[in-house]
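Trainee: Residue numbering for the sequence shown follows our numbering, beginning at 1 and increasing consecutively. I'd like to ask you about the structure that follows.
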Amino acid sequence: MSVFSQATPLERRRFWLLLLIALVVIGAGMGLRDPWPSDEPRFALAAKHMVESGDWLFPHRGSELYSDKPPMLFWLEAASYTVIRSWRIAFLLPSLLAALGCLALVYDLGRRLWNRQVGLYAASALLITFQFVYQTKRAQIDPLVMFYITAANWGLLVHMLKGPNWRAFWFGCFCAGLGVITKGVGVLALFMFVPYLVAAFGQWNGVSRMGEGAWWRWALGLVALLLAMALWLVPMLLGAKAHAGDPAYAAYINDILFHQTAGRYSKSWDHHHNALYYVPIVLFTWLPLSLTYPGTLPRWWQSLKARDARILLPLGWIVLLLVFFSIPKGKRDVYIMPALPMLALVSAPYLDELLQKRWLRAAGLVFIGIMGAAMLGVGATALVAHPKFASEFATARGFDDGGHALWWMFVTIGAVQLLLIATLRMRRAVAAVAGGMAAMWLVWSLWAYPILNDSSSAAGLMQDVRERLPAGDQIGMVAWKEQNLLMFNHPATDFGFTRPWHEQYSAAVKWQAADPEHRWLFALDGVMAQCVDRSKAVSLGHANRREWWMFKADAVVPGCMPSEDVDRVPAAALEE
1 MSVFSQATPL ERRRFWLLLL IALVVIGAGM GLRDPWPSDE PRFALAAKHM
51 VESGDWLFPH RGSELYSDKP PMLFWLEAAS YTVIRSWRIA FLLPSLLAAL
101 GCLALVYDLG RRLWNRQVGL YAASALLITF QFVYQTKRAQ IDPLVMFYIT
151 AANWGLLVHM LKGPNWRAFW FGCFCAGLGV ITKGVGVLAL FMFVPYLVAA
201 FGQWNGVSRM GEGAWWRWAL GLVALLLAMA LWLVPMLLGA KAHAGDPAYA
251 AYINDILFHQ TAGRYSKSWD HHHNALYYVP IVLFTWLPLS LTYPGTLPRW
301 WQSLKARDAR ILLPLGWIVL LLVFFSIPKG KRDVYIMPAL PMLALVSAPY
351 LDELLQKRWL RAAGLVFIGI MGAAMLGVGA TALVAHPKFA SEFATARGFD
401 DGGHALWWMF VTIGAVQLLL IATLRMRRAV AAVAGGMAAM WLVWSLWAYP
451 ILNDSSSAAG LMQDVRERLP AGDQIGMVAW KEQNLLMFNH PATDFGFTRP
501 WHEQYSAAVK WQAADPEHRW LFALDGVMAQ CVDRSKAVSL GHANRREWWM
551 FKADAVVPGC MPSEDVDRVP AAALEE
């Protein structure tokens with residue numbers, strides 16, 4: 001059945017208007033910035049290598065294989081560049097399309113399970129949520145994972161609540177498989193079976209009955225899941241077999257199939273937090289949708305007591321997802337982002353009633369008011385009083401004028417948000433909240449992106465390197481970051497990325513000595529230690545919270561090699 005079957009012209013216009021608003025809000029700023037650390041340059045660099053080398057099977061970070069993530073996002077970024085021929089747009093395009101896809105899927109679930117108004121509320125609730133927009137305006141893997149899991153949930157829910165619809169079920173399983181080869185966690189969509197079995201055996205209202213003899217159709221779901229995974233796994237394993245003589249490819253397989261999946265979950269090695277870490281995430285990064293919790297929680301309970309499977313399945317899945325990611329020590333806010341579309345879906349049936357409540361309207365105005373006052377206060381204080389935090393930020397970003405343009409941006413956002421409250425007030429509080437959020441995203445994207453791009457992306461730093469490098473000379477990179485190689489946009493030699501810095505330096509000095517007249521080294525200040533005469537080196541200044549230099553062989557202290565201590569720099573020095 002078409003999304004627009006039996007839809008009135010007004011309902012169609014509302015849906016397309018919603019997608020247009022999403023396109024403007026999420027797409028604003030595309031083309032105004034380059035990839036920003038920490039992950040965006042890494043992924044864009046892998047995609048760029050695919051385009052330039054023709055090797056789309058094994059991602060690289062410089063000269064090394066990159067095995068932290070499957071290549072789905074890199075493929076999409078590389079494909080986007082192949083069509084658009086602009087990296088500034090191509091690296092953000094997959095996230096934008098994933099966001100639009102999630103909105104369309106949530107809308108369709110709402111209109112199938114309830115009606116078109118609920119569908120619009122569901123998509124609108126998702127679009128207004130802070131974490132959703134914040135993450136989909138970035139080139140991370142997580143928006144793409146959220147899309148594939150939402151697509152999988154769409155297929156499962158259509159089948160389990162409006163079925164039997166085996167095609168939808170197989171489609172959902174296939175999308176779960178695509179989620180697996182995107183980040184490994186796509187299979188979590190299949191948690192939907194747990195609340196479905198509860199509803200089916202408990203004779204809940206609205207659950208689909210599949211009839212006898214359907215086991216083989218259920219089994220085809222596993223085939224669809226495995227088929228999607230095989231699209232990458234089979235060519236990758238065959239390609240690695242063709243490189244059987246190179247241990248790097250065997251290490252790649254072991255790392256990406258075991259260490260980065262089961263190993264990361266069972267023995268997390270970073271981002272350690274306690275079991276309650278996600279409580280503030282659910283409360284604060286899911287604002288302003290989380291303001292509805294006092295109204296939706298009792299209504300969910302009433303629906304569960306009435307045995308409404310439309311609430312049990314998505315809500316039960318959200319709970320299982322939260323529990324799953326709360327178990328390991330390693331936690332990040334983006335891990336639970338796939339729950340957002342389902343939260344918007346189960347909130348939507350009650351939003352028409354709740355938005356008429358004075359307490360919710362007041363809470364929305366208070367939220368936007370606090371945000372606006374904070375923005376205005378921070379900007380005005382930085383402009384007038386020049387506090388320490390403003391001066392340090394301006395210095396770190398290389399702003400000669402103290403960052404006045406950025407602080408005026410804060411003032412503008414805050415003033416617009418407070419003006420919306422004063423103008424629209426309680427009667428049109430929903431418009432004030434939506435307008436305040438949209439104003440923040442639009443002003444930030446169109447104002448801050450150009451101001452912060454040079455210092456955040458290393459574009460300014462690497463342009464300086466290109467201008468200082470004589471024509472025909474070569475450069476080698478030591479203790480480099482992904483944004484350095486990506487933004488250099490010129491042939492460069494690296495000596496590994498994960499390789500210890502003192503070993504990189506040793507290999508680089510030998511490489512430079514082979515042609516001292518035409519070879520330069522680009523290096524982080526700390527790795528140079530006492531082995532480089534800084535009076536003969538070129539200071540490139542401060543970028544990405546680091547000090548960078550370039551130098552020729554005459555600056556190298558003969559026989560001096562940095563100790564292994566240079567690899568253990570303070571954590572603050574590695575922050576992006």
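By construction, the Cβ of each residue, glycine as well, lies at the ideal position given by its N, Cα and C atoms.
Distance, Cα to Cα, residue 70 vs residue 22?
Mentor: The residue you call residue 70 lines up with position 70 of the sequence shown. The residue you call residue 22 lines up with position 22 of the sequence shown. Taking the straight line from one Cα to the other gives about 28 Å.
Trainee: In this structure, does DSSP put residue 153 in helix, strand or coil?
Mentor: Taking the sequence shown and counting its residues from 1, one reaches residue 153 at position 153. Helix at residue 153.
Trainee: Could you have a look at residue 523 and say whether DSSP puts it in helix, strand or coil?
Mentor: If you number the sequence shown from 1, residue 523 lands on position 523. Of the three classes helix, strand and coil, the one that applies to residue 523 here is strand, per DSSP.
Trainee: Rounded to the nearest angstrom, how far is the Cβ of residue 441 from that of residue 25, given a contact under 8 Å?
Mentor: Against the sequence shown, residue 441 aligns to sequence position 441. Against the sequence shown, residue 25 aligns to sequence position 25. Confirmed, about 5 Å.
Trainee: Return helix, strand or coil for residue 621, following the three-state DSSP convention.
Mentor: Residue 621 lies beyond the stretch modelled for the chain, which goes from 1 to 576, so this question has no answer here.
Trainee: Tell me where the beta strand (DSSP E) around residue 543 begins and ends.
Mentor: Numbered from its first residue, the sequence shown carries residue 543 at position 543. 538-543 is the span of the beta strand (DSSP E), which, as asked, contains residue 543.
Trainee: DSSP beta-bridge partners for residue 515?
Mentor: Against the sequence shown, residue 515 aligns to sequence position 515. In DSSP, residue 515 forms no bridge with anything.
Trainee: Provide the residue span of the alpha helix (DSSP H) that contains residue 75, from first to last.
Mentor: In the sequence shown, residue 75 corresponds to position 75, counting from 1. Counting along the chain, the alpha helix (DSSP H) containing residue 75 begins and ends at 72-84.
Trainee: For residue 275 and residue 469, what's the separation of their Cα atoms in angstroms?
Mentor: Counted from its first residue, the sequence shown places residue 275 at position 275. Counted from its first residue, the sequence shown places residue 469 at position 469. About 51 Å.
Trainee: If you measure between the beta carbons of residue 437 and residue 15, is that distance less than 9 Å?
Mentor: Within the sequence shown, the letter at position 437 stands for residue 437. Within the sequence shown, the letter at position 15 stands for residue 15. Cβ atoms of residue 437 and residue 15: not closer than 9 Å.
Trainee: Tell me whether the beta-carbon of residue 522 lies closer than 9 Å to the beta-carbon of residue 477.
Mentor: Taking the sequence shown and counting its residues from 1, the one referred to as residue 522 is at position 522. Taking the sequence shown and counting its residues from 1, the one referred to as residue 477 is at position 477. Going by C-beta atoms, residue 522 is nearer than 9 Å to residue 477.
Trainee: Under 7 Å Cβ to Cβ from residue 415, same chain only, skipping five residues before and after it: list those, please.
Mentor: The count along the sequence shown starts at 1 and reaches residue 415 at position 415. Same-chain partners within the cutoff: 376.
Trainee: Please report the distance separating the alpha-carbon of residue 563 from that of residue 509.
Mentor: Counting from one through the sequence shown, the residue named residue 563 turns up at place 563. Counting from one through the sequence shown, the residue named residue 509 turns up at place 509. Each residue's alpha carbon lies about 15 Å from the other.
Trainee: Across which residues does DSSP place residue 489 in a beta bridge pair?
Mentor: Counting from one through the sequence shown, the residue named residue 489 turns up at place 489. Paired residues: none, contrary to the question.
Trainee: So, at 6 Å on beta carbons, what are the nonlocal neighbours of residue 463 in its own chain, with the 5 sequence-adjacent residues on each side left out?
Mentor: Here residue 463 corresponds to residue number 463 of the sequence shown, with the count starting at 1. So the list is empty, once near-sequence residues are dropped.
Trainee: Please state the DSSP three-state secondary structure of residue 212.
Mentor: What you label residue 212 is simply residue 212 of the sequence shown in a count that begins at 1. In the structure shown, residue 212 sits in coil (DSSP, three-state: anything other than H, G, I, E or B).
Trainee: How big is the Cα-Cα spacing for residue 283 and residue 215?
Mentor: Locating residue 283 in the sequence shown gives position 283, counting from the first residue. Locating residue 215 in the sequence shown gives position 215, counting from the first residue. Rounded to the nearest angstrom, the two C-alpha atoms are 41 Å apart.
Trainee: I'd like to confirm the pairing. Which residues does DSSP put opposite residue 330 in its beta bridges?
Mentor: If you number the sequence shown from 1, residue 330 lands on position 330. In the DSSP output, where bridge partners are listed per residue, residue 330 has 272.
Trainee: So the candidates are 400, 58, 387, 411; which of them puts its Cα closest to the Cα of residue 249?
Mentor: As a first step, residue 249 is located in the sequence shown; it is residue number 249 there, counting from the start. It is 58.
Trainee: Would you kindly report the start and end of the unbroken alpha helix (DSSP H) that includes residue 551?
Mentor: By one-based count along the sequence shown, residue 551 stands at place 551. Premise fails: residue 551 lies in the beta strand (DSSP E), 546-551, not in any alpha helix (DSSP H).
Trainee: Please say whether residue 542 and residue 395 have beta carbons closer to each other than 9 Å?
Mentor: Taking the sequence shown and counting its residues from 1, the one referred to as residue 395 is at position 395. Taking the sequence shown and counting its residues from 1, the one referred to as residue 542 is at position 542. In this structure, residue 542 lies closer than 9 Å to residue 395 by Cβ.
Trainee: May I ask you to list the residues that DSSP assigns as paired with residue 205?
Mentor: Sequence index remark: in the sequence shown, residue 205 carries index 205 (1-based). According to DSSP, residue 205 bridges with 308.
Trainee: For the stretch 93-144, list the alpha helix (DSSP H) runs that are entirely contained and at least 4 residues long, ordered along the chain.
Mentor: Correct list: 93-113, 116-128, 130-136.
Trainee: Which two residues bound the contiguous alpha helix (DSSP H) that contains residue 462?
Mentor: In the sequence shown, residue 462 corresponds to position 462, counting from 1. Here the alpha helix (DSSP H) through residue 462 covers 459-468.
Trainee: Pull the bridge partners of residue 503 from the DSSP assignment, please.
Mentor: Numbered from 1 along the sequence shown, position 503 holds the residue referred to as residue 503. Paired residue(s): none; residue 503 is not in a bridge.
Trainee: Considering just the uninterrupted stretch of the alpha helix (DSSP H) at residue 16, what are its terminal residues?
Mentor: Counting from one through the sequence shown, the residue named residue 16 turns up at place 16. 9-27 is the span of the alpha helix (DSSP H), which, as asked, contains residue 16.
Trainee: Using a Cβ-Cβ cut-off of 8 Å (strictly less than) and excluding sequence neighbours within five positions of residue 6, which residues of its own chain qualify?
Mentor: Along the sequence shown, read from residue 1 onward, the residue named residue 6 stands at position 6. None.
Trainee: Does residue 454 come out as helix, strand or coil in the three-state DSSP assignment?
Mentor: For this step, residue 454 is matched to residue 454 along the sequence shown. Three-state result, residue 454: helix.
Trainee: Evaluate residue 135 with the Cβ neighbour count: other Cβ atoms within 10 Å of its Cβ, from every protein chain shown; 16 or more gives buried, anything less gives exposed.
Mentor: Taking the first residue of the sequence shown as 1, we reach residue 135 at position 135. Flag for residue 135 reads buried.
Trainee: So for residue 574, helix, strand or coil by DSSP?
Mentor: On the sequence shown, position 574 is the one that residue 574 refers to. At residue 574 the pLDDT is 39, less than 50, meaning the model places this residue with poor confidence; the figure from the coordinates comes in the next sentence. Note: residue 574 maps to helix in three-state DSSP.
Trainee: List the endpoints of the continuous alpha helix (DSSP H) containing residue 417.
Mentor: Stepping through the sequence shown from its first residue, residue 417 is reached at position 417. 404-424 is the extent of the alpha helix (DSSP H) around residue 417.
Trainee: Could you name the residues of the same chain whose beta carbon sits closer than 7 Å to that of residue 161, not counting the 5 residues immediately before and after it, in chain order?
Mentor: Residue numbering aside, residue 161 sits at position 161 when the sequence shown is read from its first letter. The answer, listed in chain order, is 113, 206, 207, 208, 309, 310, 313.
Trainee: Could you tell me which of 536, 547, 565, 169 sits nearest to residue 556, measuring between CA atoms?
Mentor: Your numbering for residue 556 matches position 556 in the sequence shown. Checking every option, the nearest Cα to that of residue 556 belongs to 536.
Trainee: Return the chain-ordered list of same chain residues with a C-beta closer than 8 Å to the C-beta of residue 426, the five sequence neighbours on each side being excluded.
Mentor: Position 426 of the sequence shown, counted from the first residue, corresponds to residue 426. The answer, listed in chain order, is 358, 361, 362, 365.
Trainee: Let me make sure I understand the geometry here. Which of 56, 133, 104, 140 has the alpha-carbon closest to that of residue 123?
Mentor: What you label residue 123 is simply residue 123 of the sequence shown in a count that begins at 1. Nearest of 56, 133, 104, 140 to residue 123, Cα basis: 104.
Trainee: Which same chain residues, not among the five before or five after residue 398, have their C-beta less than 8 Å away from its C-beta?
Mentor: Here the question's residue 398 lines up with position 398 in the sequence shown. The residues are 454, 455, 460, 541, 542, 543.
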